[in-house]
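J.: Got a structure for you, written out below as structure tokens; questions coming shortly.
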Amino acid sequence: MRKRWLIATITALGLIVAACGGDTEGTTTTEATGATEAPGTTQAGETSTTAGEAAEATGYDHLDQALAGEFDGATVEIWAQWLPESSEASNFTYTLEPFQEATGITVNFQPTPDYETALQVAVDGGNAPDLAQIAQPGKMHQYAESGSLVSLSDWFNTEKLQADMVPAFYELGLFEDNLYGVYYKTDVKSIVWYPVQGFADNGYEVPTTWDDLIALGDQIVADGNGNPWCISIESQEADGWVATDWMEDILLRTAPPEVYDQWISHEIPFNDPEVLEAAEYMSQIWFTPDYAYGGNTYINATWIGETQDPMFAEGGPQCWMQKQAAWIGGFWGANRDALADDPDLPTSEWPVKPETDVDFFYFPPIEEEFGTPVLGAADMFVMFNDRPEVRALMEWLATPEAASGWIERGGFLSPLTTVPSDWYVYPNTQLSEMVAGATTVGFDASDLMPAEVGAGTFWSGMVDWVAANGEGTEEIFQSIEDSWPTG
Amino acid sequence: MRPTPSGLKFLRALLVAAAVIAALWLGLGVLRDPDVFSALGPTLSKLGQALVAMILGVGGIWALFYAANVMIEALPGRATEFLRPYVFVVPGVAVVSLYLIYPTVGTVVESVTAVPEGADALTNYRQAFTNGEVLQAMRNNLVWLLVAPAVSVVIGLAFAALVDRVRREAVAKSFVFMPLAVSFVGAAVIWRFMYAWKPPGQSQIGVLNAIWVGAGGVLVDLGLLTEVEPVAWLQVIPWNTLALIAIMVWLQVGLAMVILSAAIKGVPPELIEAARIDGASELQSFFRITVPSIRGSILTVFTTIAIAVLKVFDIIFVTTGGNFDTSVVAVRMYQEMFRFRNFGQATTMAVILLIAVLPIMVLNIRNLRRQGIGS
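These protein sequences, in sequence, are chains X and C.
For the first sequence, the working numbering gives the first residue as 1, with consecutive numbering after it.
For the second sequence, the working numbering gives the first residue as 1, with consecutive numbering after it.
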């Protein structure tokens, strides 16, 4: 008899603990990051506004209300794919602080691994977060079409947003003429990182044309200094996306922008001769023996965060160039561990420092007639639940203040034209100039294609192509073309 | 005591039923109302909700059965006896059916209705069976089905037989049995490191490559080999599928061993002795006497592992993501569902798995019946 009571009690306790455990794990309240320092003196005076003070009108109604303290005590939940304990997650947390202080609204930021799946499950289950970051416009279309998203056109000051933002990014947030997404952060992909000291020691020069790039590679091989290129594409679920970036960057340089757009919208087949020509250029770097460190096995087997490790080998760089967007800085060799210990570590204290240790150059143009294109991708925020405080946060994310904290920490480029250029530090000063001076800005094609291809067969096709060491190009591209969804 | 008149009995039954339903309704209302518990503060309100939910859940079911029983007893005698078993069994069966049969039927229906405008019902199946990647996945499932249960059973049987006479039998068995406690994802992560590849010249962090390069290095020094390079085990087609099957075998061998060990010990010693007297060797008595006697258990283990193998997803998803020709139907189902949002294709994958597993389930149940369980 006593045993039965014991079992019943234990079961009851277990159920109670399970019921309580749910909510308390995983909420990252931003208070945890310690004393809030006022950003540098060149910042706009927004941080001096405290709750209750009449603020100067921002042009956004709900934000004005929030700044006047009307939503004090409310909570907003916002999700993003930046890995927990990464510098990106920590920087976003930091950048959200002024908003929370000024308005009294608590923002629960959930960095979520396995983001795409987690978000879809949450939306399907009716538990969607208030705001969520989305990298692919295609995804935003899907959610908008299924009715999960709140249309911003009804209440958002879209005229102001249009005036403040680079037009291309404003338009990408539209679906069927309604605004659903506000672009927040952009990534420039057309850059190649190289070791400053290594280049100086060996007399290597930054290449400005494709032929120079190949010649530099040949020289490195001839000097016996390892392999010129650090390339790898392994990223678990999303294996292969790095390869698609290469294809897109090269296509922008070997074909007119119309062809690029037609490729995305499937007006030309995926394996159009122009695309196959781009693939040939890509093979020149990826599959020429001795060019890529570790050959195709390394490319397929090494996680994208570890690609550049051989550049920091003891005896000197074993691979010399990596084409990757600026977020890679946090993953260079010893930086990974340093940032894992302290995600708030400022760039000046990183073991491997950008600009002094590792600098970048623009991925050279290939065919002169197509000028200097830039490939980029961007993150937007979309809204799932409509409440006044959520509207306020969404409006705030469209202001330069939402970027200032992150810009100050480094590694952030905003699509807003209203961000003063003197806020930017390396490398974004140079990157924003690069974008401004580009002849074409191409948005990441695989993000715009239908998911079956852009997040499916294009990725896996690239993996297969690498596994075959560049053989069978036509068959692989044909099979990607065949997989394009009909109807 | 005088028996209660039947009219009164009926009235009492109705009152009890009404009372129980009213109580449950109120209880559910209380549970749904956020204000009732908010006064207790955040943690206590959850505790309160959990407590009320448990009382309602457990107590409510009991009360419903009690009420139903009272109602039956109000009926004339023969009706009572006839209805009683149904009243107690039908609710449970109905709920289980709802959770099992309804989604199954829904999945099958979705696979034939989620087709583009004007296309015929079998479009999804036609697409699946002409898609090279899906066919590759199905071929892989076949390989898994043929190799994994067989290897697990063979190794499990061998180990069970060998360990039978060892002194520290329990300790030896526990080593083989321990992987069973590891989750599929955990096992996949462990083995990802076992199979890890680093470029030649760098130190190999993967156990397999460390051994390969180390032993190969010795042979090179002895002049028997010219060079040895680490192998990217997870990328080499088609052996990478076998590498992944090894993970499954590692996980399931403990199960096979434990069941077969018990079965071996159940073989009557007189049989073995009789065989020994007739001059049979160890091996002969094992294969001719023991194994046929435990045939039922072997089949049980085989079909149990086969069913688990058909469902395999985590192992492949975590190690290769389905790349390098290692994909299986369950991984395709996940990708169609969550990455491509193509519900027609996803449900088709699920139906294919269902059809594949049915014969094995039938075999399993028939086998259990023959063994005398559940007949």
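Ideal Cβ positions, reconstructed from N, Cα and C, are used throughout, including at glycine.
Could you tell me whether the region 392 to 407 of chain X touches the region 101 to 112 of chain X, where touching means 3 or more Cβ pairs closer than 8 Å?
T.: yes
J.: Counting only Cβ pairs nearer than 8 Å, list the residues of chain X close to Gly132/C.
T.: Ser479
J.: Check whether the region 362 to 375 of chain X touches the region 204 to 219 of chain X, taking contact to mean three or more Cβ pairs, one atom from each stretch, closer than 8 Å.
T.: yes
J.: To the nearest angstrom, how far is the alpha carbon of Thr29/X from that of Asp386/X?
T.: Unreliable placement is indicated for Thr29/X, whose pLDDT of 33 sits below 50; no coordinate value is reported for it.
J.: Quick check on Leu11/C - is its C-beta less than 8 Å from some C-beta in chain X?
T.: no
J.: When the Cα atoms are used, what is the spatial distance from Asn240/C to Val231/C?
T.: 11 Å
J.: Can you tell me whether Glu234/X is helix, strand or coil according to DSSP?
T.: Strand, per DSSP.
J.: Quick check on Met138/C: buried or exposed, where buried means 16 or more other Cβ atoms within 10 Å of its Cβ?
T.: buried
J.: Going along the chain, which residues of the region 113 to 130 of chain X sit with their C-beta nearer than 9 Å to a C-beta in chain C?
T.: Glu116, Thr117, Gln120 and Val121
J.: Under 8 Å between C-beta atoms, does Asp239/X make it to chain C?
T.: yes
J.: Starting from Met380/X, follow its DSSP beta bridges and name the residues at the other end.
T.: Ile134/X and Tyr183/X
J.: With a threshold of 8 Å between beta carbons, is Trp327/X in contact with chain C?
T.: no
J.: Using C-beta distances below 7 Å, list every residue in its chain close to Gly26/X, excluding the 5 sequence neighbours before and after it, in chain order.
T.: Low confidence applies to Gly26/X: its pLDDT is 35, below 50, so where it sits in the model is not reliable, and the reading given next is rough at best. Gln110, listed in sequence order.
J.: Return the residue from the list Leu339/X, Val221/X, Phe287/X and Ala325/X that minimises the CA-CA distance to Ser86/X.
T.: Per the Cα distances, Leu339/X.
J.: Could you please tell me which residues of the region 137 to 161 of chain X, in chain order, have their CB closer than 7 Å to any CB of chain C?
T.: Gln142
J.: In the DSSP output, which residue or residues are listed as bridge partners for Phe361/X?
T.: Val192/X
J.: Where do the ends of the alpha helix (DSSP H) carrying Met321/X lie?
T.: Annotation for Met321/X: no alpha helix (DSSP H) segment contains it, though the beta strand (DSSP E) segment containing it runs Cys319 to Lys323.
J.: Within 8 Å (strictly less), CB to CB, does Ala148/C reach chain X?
T.: no
J.: What do you get for Val322/X, buried or exposed, if any count of 16 or more other CB atoms within 10 angstroms of its CB means buried?
T.: Per the sequence shown, residue 322/X should be read as Gln rather than Val. By the 10 Å Cβ count, Gln322/X comes out buried.
J.: I need the straight-line Cα distance from Ala377/X to Leu416/X, nearest angstrom please.
T.: 14 Å
J.: For Asn323/C, which option in Glu274/X, Ile407/X and Ala467/X has the closest C-alpha, if you only look at C-alpha atoms?
T.: Here the closest residue by C-alpha is Ala467/X.
J.: I'd like to confirm the pairing. Which residues does DSSP put opposite Thr75/X in its beta bridges?
T.: As a beta-bridge residue in DSSP terms, Thr75/X pairs with Thr106/X.
J.: Does the region 203 to 216 of chain C touch the region 273 to 292 of chain X, meaning 3 or more C-beta pairs lie closer than 8 Å?
T.: no
J.: Tell me whether Leu31/C sits in a helix, a strand or coil according to DSSP, three-state version.
T.: Of the three classes helix, strand and coil, the one that applies to Leu31/C here is helix, per DSSP.
J.: Quick check: the Cα distance between Leu51/C and Pro76/C, rounded to an integer number of angstroms?
T.: 39 Å
J.: With a threshold of 8 Å, are at least 3 pairs of Cβ atoms found where one atom belongs to the region 120 to 140 of chain C and the other to the region 343 to 350 of chain C?
T.: yes
J.: Using only the alpha-carbon positions, how far apart do Ile214/X and Ala279/X sit?
T.: 16 Å
J.: Gln318/X and Gly226/X: beta carbons closer than 8 Å?
T.: yes
J.: One question on the structure: do Val328/C and Val312/C come within less than 8 Å of each other, judged by their Cβ atoms?
T.: Yes, the pair counts as a contact, with Cβ atoms nearer than the cut-off.
J.: In the DSSP assignment, find the unbroken beta strand (DSSP E) run with Val441/X in it and report its ends.
T.: Val441 to Phe443
J.: Closer than 9 Å by beta-carbon distance: list the chain C residues that pair up with Val463/X, in chain order.
T.: Residues of chain C passing the Cβ test: Gly321, Asn323 and Phe324.
J.: Would you mind working out which of Val331/C, Met337/C, Asn342/C and Ile305/C sits nearest Leu146/C, comparing C-alpha positions?
T.: Ile305/C
J.: Should Phe338/C be flagged as near chain X, meaning a C-beta pair shorter than 8 Å?
T.: yes
J.: Is there a C-beta anywhere in chain X that falls below 8 Å from the one on Ala346/C?
T.: False, the Cβ-Cβ gap to chain X never drops below 8 Å.
J.: What does Asp292/X pair with, by DSSP beta-bridge criteria?
T.: The residue you asked about is not Asp; residue 292/X is Ala in the sequence shown. Beta-bridge pairing links Ala292/X to Trp229/X.
J.: Out of Leu63/X, Gly461/X, Thr440/X and Thr356/X, point me to the one whose CA is closest to Leu252/X's CA.
T.: Thr440/X
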